[in-house]
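Asker: Okay, handing you the structure first.
2 protein chains.
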Amino acid sequence: MDDRKLKPGDRDYVGALASGLEVLQAFDAEHPRMTLSEVATRTGMDRAKARRFLLTLHALGFVKRSGRQFELTPRVMRLGYAYQSSNQYRAVIQQYLEGITAELGESSSLAVLDGDDVVYVVRSAARHRLMAISLAVGTRLPAAYTSMGRVLLAQLPDPELEAFLARVELHRHTPASIVDREALRAELLSVREAGYAIVDQELDLGLRSVAVPVFSGAGELLGAINISTNAVRVDMATVRDSYLPRLQAVAEQIRQATR
Amino acid sequence: MDDRKLKPGDRDYVGALASGLEVLQAFDAEHPRMTLSEVATRTGMDRAKARRFLLTLHALGFVKRSGRQFELTPRVMRLGYAYQSSNQYRAVIQQYLEGITAELGESSSLAVLDGDDVVYVVRSAARHRLMAISLAVGTRLPAAYTSMGRVLLAQLPDPELEAFLARVELHRHTPASIVDREALRAELLSVREAGYAIVDQELDLGLRSVAVPVFSGAGELLGAINISTNAVRVDMATVRDSYLPRLQAVAEQIRQATR
DNA sequence: AACTTATGTTCGTAATACGAACTTAAAGCA
DNA sequence: TGCTTTAAGTTCGTATTACGAACATAAGTT
Chain B
-16 MDDRKLKPGD RDYVGALASG LEVLQAFDAE HPRMTLSEVA TRTGMDRAKA RRFLLTLHAL
44 GFVKRSGRQF ELTPRVMRLG YAYQSSNQYR AVIQQYLEGI TAELGESSSL AVLDGDDVVY
104 VVRSAARHRL MAISLAVGTR LPAAYTSMGR VLLAQLPDPE LEAFLARVEL HRHTPASIVD
164 REALRAELLS VREAGYAIVD QELDLGLRSV AVPVFSGAGE LLGAINISTN AVRVDMATVR
224 DSYLPRLQAV AEQIRQATR
Chain A
-16 MDDRKLKPGD RDYVGALASG LEVLQAFDAE HPRMTLSEVA TRTGMDRAKA RRFLLTLHAL
44 GFVKRSGRQF ELTPRVMRLG YAYQSSNQYR AVIQQYLEGI TAELGESSSL AVLDGDDVVY
104 VVRSAARHRL MAISLAVGTR LPAAYTSMGR VLLAQLPDPE LEAFLARVEL HRHTPASIVD
164 REALRAELLS VREAGYAIVD QELDLGLRSV AVPVFSGAGE LLGAINISTN AVRVDMATVR
224 DSYLPRLQAV AEQIRQATR
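From first to last, the protein sequence lines stand for chains B and A.
With this note's numbering applied, the first sequence covers -16 to 242.
With this note's numbering applied, the second sequence covers -16 to 242.
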């Protein structure tokens, strides 16, 4: 067994697949519709090459075209949904998160790491609207600035954690944001020690959240769960003294339920 | 401008991309983890070919491997998320659907057609648990047996509707399920005429739902919205006389808000 | 209508994807 | 534990496929 990844140019590396997926990923929130030339520019590909991939993706039903514009179809959700539906614990986690929402009136989610982001995989939304609207399943946020991201980063082996710290781009989203690598390292080590993370208005003003890791009964890291709330309404003492213990209890319940 | 789709073997059709995506889509809820041989068997590909695509997807971060087992990573959610996030109206629709949930205590969703399925794109879940648990964004259900699916099918031009009726596989999910093509055509024409669909325990016992189409202010079909409920708790008269008008009002509000 | 820009098409060919066959590793069984 | 079977890794020759340059056509702009 050899877990090393192929590199472009390696014998078994299929360049055409990589290029085609690059074209597919060129579409995003900022570029929902594009012409052939825009795709070619955005991917840095020769136009004829980009055209072949667009037309193939069109033939496969993943993009549609209107005149010169191409855009994604709902079929691409199939490519992502398989990951969600393959999680055998999703339903049970959903129940526990909804229990949190019912009890505390706050949104609660499970996320996993993907690159330098966290991806929301399970979500229970509160009736309160702040920061609840756009955070659907599939949402990606920078791991460094989210409580769940910090919990997950803190779980990384040191070489991976150091690699993350070396490459991560730090942004001052708010005046509270950590933008110093040493400060972030210290914070992550503290999170590792404490077993939880609280992020207070570092990603967005008013957004306060607490997260803990969730393990299955077999010891496998399932992700991190959080409670997110409004800093105007909920003070830090409540987060620490009421929400955190609740979250830790739920993480334990999930562990028991996934044995 | 020529909107016809390429076929396999056409000059500009990139077979390697198609094959690679086929490998990616071989993973689903029933096959979340697979060995190389299982993938090869499932896709009908030569083993060496399947191996190349698996290793390339691994190199790109879309699959991970543990020993001989391959499974998807959260990165594949990127491929689907772009569609969600490219919908400029998602946030406003989410608000309206949550208004329905707050007022009626029922789940409410927006879905679009993809092939013979509907895909849930926006969702507001009720606190009631029946059929709410597994219906996350990205969920696919057979269009023929869901209220939103029927509304969307009824919007299709006749040639497309007839093609659907000719190819769709009808299943008796419950004793109430329509399994006769003529009966389904009649139902869909009735839906077209009425401008809404009510599906009563045809997909699952206890599941009752009503749906209407939603158009943007510019006249573009955004999808269908529904209210789903429990047949034991909510009778047909309530669905028709209370939920439907509410839904129609929300569809109109969304149209106004998307001008 | 003329000009500019974007897209479609063709074609020669380098390279790339392919699969058959051999080798190695892992799993299963007694 | 040793042997057998099965699965996976690797090599290599080559058919085919993806590639891009150049030309042709279509669409957009003034």
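Glycine included, every Cβ here is placed at the ideal spot set by N, Cα and C.
These numbers come from a predicted model, not from an experiment.
For the pair the segment 11 to 30 of chain B and the segment 64 to 72 of chain A, tell me if three or more CB-CB distances fall below 8 angstroms.
Answerer: Verdict: yes, contact present.
Asker: Note down, in chain order, every chain B residue with its Cβ under 9 angstroms from the Cβ of Gln236/A.
Answerer: Neighbours of Gln236/A on chain B: none; closest Cβ ~16 angstroms, over 9 angstroms.
Asker: Apply the 10 Å Cβ neighbour rule to Leu172/A and answer buried if 16 or more other Cβ atoms are within range, or exposed otherwise.
Answerer: Leu172/A is exposed by the Cβ-count criterion.
Asker: At the level of alpha carbons, what is the spacing between Arg242/B and Ser92/B?
Answerer: Cα to Cα, the separation comes out at about 21 angstroms.
Asker: Assess contact between the segment 201 to 216 of chain B and the segment 126 to 146 of chain B, defined as three or more Cβ pairs (one per stretch) separated by less than 8 angstroms. Is contact present?
Answerer: Yes, the segment 201 to 216 of chain B touches the segment 126 to 146 of chain B.
Asker: Quick check: the Cα distance between Arg51/A and Glu5/A, rounded to an integer number of angstroms?
Answerer: About 19 angstroms.
Asker: Where does Arg112/B land, buried or exposed, given buried means 16+ other C-beta within 10 angstroms?
Answerer: With a pLDDT of 44 at Arg112/B, under the threshold of 50, the predicted position of this residue should be treated as unreliable, and no value is reported.
Asker: Would you say the segment 87 to 107 of chain A touches the segment 41 to 59 of chain B, given that touching needs at least three Cβ pairs under 8 angstroms?
Answerer: These segments touch.
Asker: Classify Gly200/A as helix, strand or coil using the three-state DSSP reduction.
Answerer: Gly200/A: coil per DSSP, three-state reduction.
Asker: What in chain B is Cβ-close to Glu54/A, meaning under 9 angstroms?
Answerer: Per Cβ cutoff of 9 angstroms: Tyr66 and Ser69.
Asker: Considering only the alpha carbon of each residue, which of Leu7/A, Glu86/A, Lys(-10)/A and Arg164/A lies closest to Ala149/A?
Answerer: With distances taken between Cα atoms, Ala149/A lies closest to Arg164/A.
Asker: Tell me, please, which residues DSSP counts as bridged to Ser160/A.
Answerer: Answer is none; Ser160/A lacks a bridge partner.
Asker: Using the rule of at least 16 other Cβ atoms within 10 Å of the residue's Cβ for burial, across every protein chain shown, is Ser20/A buried or exposed?
Answerer: Exposed.
Asker: Closest by CA to Arg175/A, which one among His154/A, Ala(-1)/A, Leu136/A and Thr84/A?
Answerer: Closest by alpha carbon: Leu136/A.
Asker: Determine the burial state of Met(-16)/A: buried for a count of at least 16 other Cβ atoms within 10 Å of its Cβ, exposed for fewer.
Answerer: Because Met(-16)/A sits at a pLDDT of 40, beneath the cut-off of 50, its placement in the model cannot be relied upon, and the point is left open.
Asker: From Val325/B to Leu124/A, what distance separates their C-alpha atoms?
Answerer: Because chain B is modelled from -16 through 242, residue 325/B falls outside the range shown and cannot be assessed.
Asker: Tell me which residue opens and which closes the alpha helix (DSSP H) that Phe36/A is part of.
Answerer: Unbroken alpha helix (DSSP H) run through Phe36/A: Arg30 to Ala42.
Asker: How is Arg106/A classed by DSSP in three states: helix, strand or coil?
Answerer: Strand.
Asker: With C-beta atoms as the reference, is Val134/B less than 9 angstroms away from Val195/B?
Answerer: Yes.
Asker: Could you tell me which chain B residues have their CB closer than 8 angstroms to the CB of His41/A, listed as they occur along the chain?
Answerer: Here the neighbours are Lys(-12) and Leu(-11).
Asker: With DSSP as the reference, identify every bridge partner of Ile210/B, one or two as the case may be.
Answerer: Partner(s): Ser91/B and Val193/B.
Asker: Grab the span of the alpha helix (DSSP H) containing Thr24/B for me, first residue to last.
Answerer: First-last of the alpha helix (DSSP H) with Thr24/B: Leu19 to Thr26.
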